[in-house]
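**Q**
2 protein chains.
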Amino acid sequence: MTTHGQTAAPRARPTMRDVAALSGVSLKTVSRVVNLEPGVSDDLADRVRQAAEQLDYHPNLTASSLRRSDGKTQTIGLILEDVSNPFEAALHRRIEEVARARGVVVIAGSVDEDEARERDLATALVARRVDGLIVMPTGHDQSYLAKEQRSGTPMVFVDRPPTFLDADCVLTANESGARAAVAHLISHGHRRIAFLGDQPSISTAIERLSGYRDALERAGIAADSALIRLSLTSSDQAEIAVAELLAAPDAPTAIFASQNLLTIGVVRALHQLGRQHSIALVGFDDLPLVDLLNPGVTLVLQDVTGLGTATADILFRRLDGDTRPSERIILPTTLIPKGSGEILGPFATIESATGAVS
Amino acid sequence: MTTHGQTAAPRARPTMRDVAALSGVSLKTVSRVVNLEPGVSDDLADRVRQAAEQLDYHPNLTASSLRRSDGKTQTIGLILEDVSNPFEAALHRRIEEVARARGVVVIAGSVDEDEARERDLATALVARRVDGLIVMPTGHDQSYLAKEQRSGTPMVFVDRPPTFLDADCVLTANESGARAAVAHLISHGHRRIAFLGDQPSISTAIERLSGYRDALERAGIAADSALIRLSLTSSDQAEIAVAELLAAPDAPTAIFASQNLLTIGVVRALHQLGRQHSIALVGFDDLPLVDLLNPGVTLVLQDVTGLGTATADILFRRLDGDTRPSERIILPTTLIPKGSGEILGPFATIESATGAVS
DNA sequence: CTGAAAGCGCTTACAG
DNA sequence: CTGAAAGCGCTTACAG
């Protein structure tokens, strides 16, 4: 029978006290050496380091943070809708990178679109005394975080602003991004443009709808509520919505899909119906490989790296003591023509056909 | 000037002592009520709950775990190659779900393919006294975790087995999955089949190569080293490799891309060269939307949900005291024909043309 | 049923 | 330069 790691009786982890005993110094001297504080003679410091090495001593951060005057745990919390969503996973990675440079780790969690889960996760993170919080809010009331904020936990909101709470936030220019997408379709000769959107309770969905309406208005096109489909929460729902829209009389000639999952559904529907070369499409958010589809899918891209970096930067600035009023950073989008958005509509002019407009 | 949350002087968080003082009971009684221990009179319990409510008291988990005999922090660590890789992000989400059901949160981190970073992250997690560790190992020696394992931290490896360490692991049947992919191509009339793979230091890359060789051997086809391209670490490198392979004399008629990023590169290259309808392709790992490409891409899928669930389940079983010998779970793959893998090769028979073989 | 004392592994605030 | 005492916010192990 081999000695199996998992089954052997646990061997106690050495403490500072053990290191002190072995090296024949006081606890405080070990603490000084471990924390690289100056003012320990080379002789003692060497003995301590040797003893620590010999015992394979590793400091207990949870104990030190309890006693430390700043109480820092070198851990931050990240509340997302879903850690596996590509946009959010990319955000997570950026935040992790900024945190890592400071020796800070990230506890991330998913709350889907469940308000209660958002609060539960926030409570769980606070109970573990995270140094700060980054939140992509789901609920419509973040006032429950006010006490925690007053207790000194900095918090930054990302992608969506907080409600009933004054805090920093980093957002995408959803309205102008959507406006650009729809203006792009209009400039290619479309006037009947459908809007597909997520639940109107989500601020980004509303802002993108607002950009859509604004682009139509600027072009003197009356919005037709029959072309606006909200509360679509999955690719499948978007796929069905497209089939319905295209089967109706006076069907749209172009579609603006205001979120990545919805874009997938639209692409599926158009391919299914064999309409991918006749119905124009612009999608919001990045999707891998869509440039290889035929036609490629024209997308409005968010600056995920910029969002993640700015969010983490602000949080750590607050942790470093920045007490200026809360700020709101808004990052622009980029429209990438890939084919589907350049399909000409019935009102195309010579300019739009020759690409004189974009 | 409004009162701004972030700038107001931090208000100290209430402690158990504060609750005890306000309710006029001892610290221990508050502890009993907070931890739902029996044996407190309704009268006192009520007073304590009211005081806690009034002060907005929330327990400090980091302090309680320090003192608790089991020392549990209700936190586990997850070491990944990249939290934003779709496969790993999906794994992360599954593990989070299992953990959440037990009130446990997850600290995840990315180490890319950097051994030093793997060790640093492990150290950072151990310093925070995570209750357990889930590791997708990058390095080729996990013996550095042996002491930690003996100290009582359970650990489970996922996707790749640990080296120089006896521990549980949950893997994909890489070899048989790759064998099935290549056999599929052979049955469709291909004999010159290229293999594209990641760094040979990664166990999954080697296992998939082994499955490739095995399938060829079983079909009596001699392996041609000119068709085997290893150490490809990005889509771009795979794209270049395909261009080279197809430009060479006696070029392959089919390609097996043994990892998701590489599959993307192959698809790009084939479309670029206009060969997507003549060169067969099977890819390993899922990729969104590839079924909408023309042709759709035939894939070998891993059971990500199964991997995540099994990994987390084992970890928590160990945390619950299971001391049986370490186990190795291997989950099967599924081949999904989507078009690219069914392109017929020069040795196609009537059976392969009619789909009598899959 | 209730609580006073000790201590988890550290850092703080002093004193020498 | 070095260390003894106190204490971070809790739970443990007792005693009443």
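Each protein sequence line maps, in turn, to chains F and P.
First residue of the first sequence: 0, per numbering that gives the first Met the number 0; consecutive thereafter.
First residue of the second sequence: 0, per numbering that gives the first Met the number 0; consecutive thereafter.
Even for Gly, the Cβ is constructed at its ideal location relative to N, Cα and C.
Being a predicted model, the structure only gives us computed values, none of them experimental.
1. Could you tell me the boundaries of the alpha helix (DSSP H) in which Ile278 (chain F) lies?
2. For a contact defined as C-beta to C-beta under 9 Å, what are the partners of Asn34 (chain P) on chain F?
3. Which value, in whole angstroms, describes the spacing of the CA atoms of Ala311 (chain P) and Ile75 (chain F)?
4. Would you please verify whether the beta carbon of Leu170 (chain P) is less than 8 Å from any beta carbon of chain F?
5. Taking 8 Å as the CB-CB limit, is Ala126 (chain P) close to chain F?
6. Is Ile342 (chain P) helix, strand or coil by DSSP?
7. Along the chain, where does the alpha helix (DSSP H) containing Arg327 (chain F) start, and where does it finish?
8. Which residues bound the alpha helix (DSSP H) around Phe86 (chain F)?
9. Have a look at the DSSP bridge pairing and note the partners of Ala268 (chain P).
10. Just to confirm the assignment: which complete beta strand (DSSP E) runs, minimum length 3, are found wholly within the stretch 191–254 of chain F?
11. Could you work out which residue in P:Ala179, P:Ser175 and P:Glu147 is closest to Leu164 (chain P) when comparing CA atoms only?
12. Would you decide whether Gln198 (chain F) is buried or exposed? Buried here means 16 or more other CB atoms lie within 10 Å of its CB.
13. From Ala126 (chain F) to His57 (chain P), what does the alpha carbon distance come to, in whole angstroms?
14. Got a sec: is the Cβ-Cβ distance from Leu274 (chain P) to anything in chain F below 8 Å?
15. Answer yes or no: does any C-beta atom of chain F fall closer than 8 Å to that of Ile342 (chain P)?
16. Just curious, the beta strand (DSSP E) that Leu77 (chain F) is in, first and last residue?
17. Quick check on the burial criterion: 16 or more other C-beta atoms within 10 angstroms. Buried or exposed for Ser109 (chain F)?
18. Do you know whose CA, among F:Arg116, F:Val18, F:Phe283 and F:Ser233, lies nearest Thr333 (chain F)'s CA?
19. I want to know whether the stretch 65–79 of chain F touches the stretch 128–135 of chain F - three or more CB-CB distances under 8 Å.
20. Does the stretch 295–310 of chain P come close enough to the stretch 239–249 of chain P that 3 or more CB-CB pairs lie under 8 Å?
21. Measure the C-alpha to C-alpha separation of Glu117 (chain P) and Ser22 (chain P) and round it to an integer number of angstroms.
22. What are the boundary residues of the beta strand (DSSP E) that includes Gly131 (chain F)?
23. Buried or exposed: Ile192 (chain F), going by 16 or more other Cβ atoms within 10 Å of its Cβ?
24. Here's the rule I'm using: 16 or more other beta-carbon atoms within 10 Å means buried, otherwise exposed. How should Ile94 (chain F) be labelled?
25. Given the structure, does Ala88 (chain P) come close to the ligand MG, in the sense that its CB is under 7 Å from one of the ligand's heavy atoms?
26. Between Arg92 (chain F) and chain P, is any beta-carbon pair separated by less than 8 Å?
27. Could you list which residues in chain P have their beta carbon closer than 7 Å to that of Ser150 (chain F), in chain order?
28. Just tell me which of P:Leu54, P:Val29 and P:Gln53 has its CA closest to the CA of Asp42 (chain P).
29. Can you tell me whether Arg10 (chain P) is helix, strand or coil according to DSSP?
30. Examine the Cβ distances between the stretch 221–231 of chain F and the stretch 311–325 of chain F and report whether three or more of them are shorter than 8 Å.
31. Any C-beta of chain F sitting closer than 8 Å to the C-beta of Ile133 (chain P)?
32. What do you reckon, are the CB atoms on Val181 (chain F) and Gly138 (chain F) nearer than 8 Å?
**A** Judging by the given coordinates:
1. First-last for Ile278 (chain F): undefined, no H or E at that position.
2. Within 9 Å of the CB of Asn34 (chain P), no CB atom of chain F is found; the nearest one sits about 13 Å away.
3. About 23 Å.
4. Leu170 (chain P) does not count as touching chain F.
5. Judged by the 8 Å Cβ criterion, Ala126 (chain P) is in contact with chain F.
6. It is coil, neither helix nor strand.
7. It is not in any alpha helix (DSSP H) - Arg327 (chain F) instead sits in the beta strand (DSSP E) that spans Arg327 to Leu330.
8. Taken as a continuous stretch (DSSP letters only), the alpha helix (DSSP H) holding Phe86 (chain F) covers Pro85 to Arg99.
9. Looking at the DSSP assignment, Ala268 (chain P) forms no beta bridge with any residue, so it has no partner.
10. Within the stretch 191–254 of chain F, the complete beta strand (DSSP E) runs of at least 3 residues are 192–195.
11. For the options P:Ala179, P:Ser175 and P:Glu147, the alpha carbon positioned closest to that of Leu164 (chain P) is the one of P:Glu147.
12. Label assigned to Gln198 (chain F): exposed.
13. Separation of Ala126 (chain F) and His57 (chain P) (C-alpha to C-alpha, rounded to the nearest whole angstrom) is 7 Å.
14. In the sequence as presented, Leu is not what sits at residue 274 (chain P); that position holds Arg. Chain F, which has no Cβ nearer than 8 Å to the Cβ of Arg274 (chain P), makes this no.
15. Not an interface residue.
16. In this chain, the beta strand (DSSP E) harbouring Leu77 (chain F) covers Thr74 to Leu79.
17. So Ser109 (chain F) ends up on the buried side.
18. Per the Cα distances, F:Phe283.
19. Verdict: yes, contact present.
20. Output reads no: the stretch 295–310 of chain P does not touch the stretch 239–249 of chain P.
21. Between Glu117 (chain P) and Ser22 (chain P), the C-alpha separation is close to 48 Å.
22. Note, Gly131 (chain F): beta strand (DSSP E), Gly131 to Val134.
23. By the Cβ-count criterion, Ile192 (chain F) is buried, with 16 or more other Cβ atoms from all chains shown falling within 10 Å of its own Cβ.
24. When all chains shown are included, Ile94 (chain F) counts as buried.
25. For the structure depicted, the ligand MG is absent and the ligand set is empty, with no information on it obtainable.
26. With a threshold of 8 Å between beta carbons, Arg92 (chain F) makes contact with chain P.
27. Chain P residues near Ser150 (chain F): Pro9, Arg10 and Arg12.
28. Per the Cα distances, P:Val29.
29. Three-state result, Arg10 (chain P): coil.
30. Too few Cβ pairs lie closer than 8 Å, so no.
31. Using beta-carbon distances, Ile133 (chain P) does not count as an interface residue toward chain F, since no partner is under 8 Å.
32. No; because the gap between Cβ atoms is not below 8 Å, this pair is not in contact.
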